[in-house]
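>
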Amino acid sequence: MTQETDAHQLALDLLGREYDELEADEQRVLERVATGTYTQPDADELVQLHNTFGDRMADRVAAVGGSWAFIIAFAVVLLGWMLLNSRVLEAVGLRPFDAYPYIFLNLMLSTLAAVQAPIILMSQNRQATKDRITARHDYEVNLRTQLEILRLARKIDRMAAEVRMAAKQLPFEGES
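Structure, rendered in structure tokens:
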């Protein structure tokens, strides 16, 4: 029996539908069950295979930009900038390089936001893709598990029927 025949037969036996009526994911699972092969690698491995340098860099920027360390360091830099340009430089007799209302600081913050936002969105899009791959993988694993359980249950039913048939044919101790 070929793999195709096995998959078609499994579709009828286990799912009660024709193989051609099944979705692509279901067909793929039936083919794997028929051949005894395992599912594909997990989502992280698949995504890592296709990641470019820019993808990895965007993920890293998003990870750093969304951390408490970045927030605290950013707050320290902002406070330092404001203190330096309002009190410290004046105290030593120098003119502040970005006096209140800190126009240069606002320009840098706007530039940072303009660059960081699309990078974070790219990272989120890749994460959404990884989540879809994970969901599809989980679905395939769950379907395969259900199909294997059905196959095992049917084997047990057949074996139980064979045991009952064999038991009927054996003479009891009280019989002669």
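In this note's numbering, the protein residues as written are 1383 to 1558. C-beta atoms are modelled at their ideal positions from N, C-alpha and C, and glycine is treated no differently.
1) Can you grab the Cα-Cα spacing for the pair Ile1501 / Asn1433, in whole Å?
2) So the candidates are Asn1488, Leu1494, Thr1527 and Arg1540; which of them puts its Cα closest to the Cα of Gly1447?
3) Identify the continuous alpha helix (DSSP H) that holds Val1459 and give its terminal residues.
4) Roughly how many angstroms lie between the CA atoms of Leu1397 and Ala1517, to the nearest whole one?
5) So, with DSSP's three-state summary, where would you put Met1383?
6) Report, in whole angstroms, the separation of the C-beta atoms of Ala1393 and Arg1399, which I expect to be a contact under 8 Å.
7) Can you look up Leu1404 in the DSSP assignment and give me helix, strand or coil?
8) Could you tell me how far apart the beta carbons of Val1415 and Leu1529 are, in whole angstroms, since I believe they sit closer than 8 Å?
9) What residue does the alpha helix (DSSP H) around Gly1436 start on, and which one ends it?
Let me spell this out:
1) Taking the straight line from one Cα to the other gives about 15 Å.
2) Comparing Cα-Cα distances from Gly1447 to each of Asn1488, Leu1494, Thr1527 and Arg1540, the minimum goes to Leu1494.
3) Where Val1459 is concerned, the enclosing alpha helix (DSSP H) starts and stops at Trp1450 to Leu1465.
4) Each residue's alpha carbon lies about 21 Å from the other.
5) Reliability of the predicted coordinates at Met1383 is poor, the pLDDT of 47 falling under 50, and the value obtained from them is presented with this limitation in mind. DSSP, read as helix, strand or coil, puts Met1383 in coil.
6) With 8 Å as the limit, Ala1393 and Arg1399 qualify as a contact, their Cβ atoms being about 6 Å apart.
7) Coil at Leu1404, not helix or strand.
8) The beta-carbon separation of Val1415 and Leu1529, rounded to 5 Å, stays under the 8 Å limit for a contact.
9) It spans Phe1435 to Gly1447 - the alpha helix (DSSP H) in which Gly1436 sits, taken as one unbroken run.
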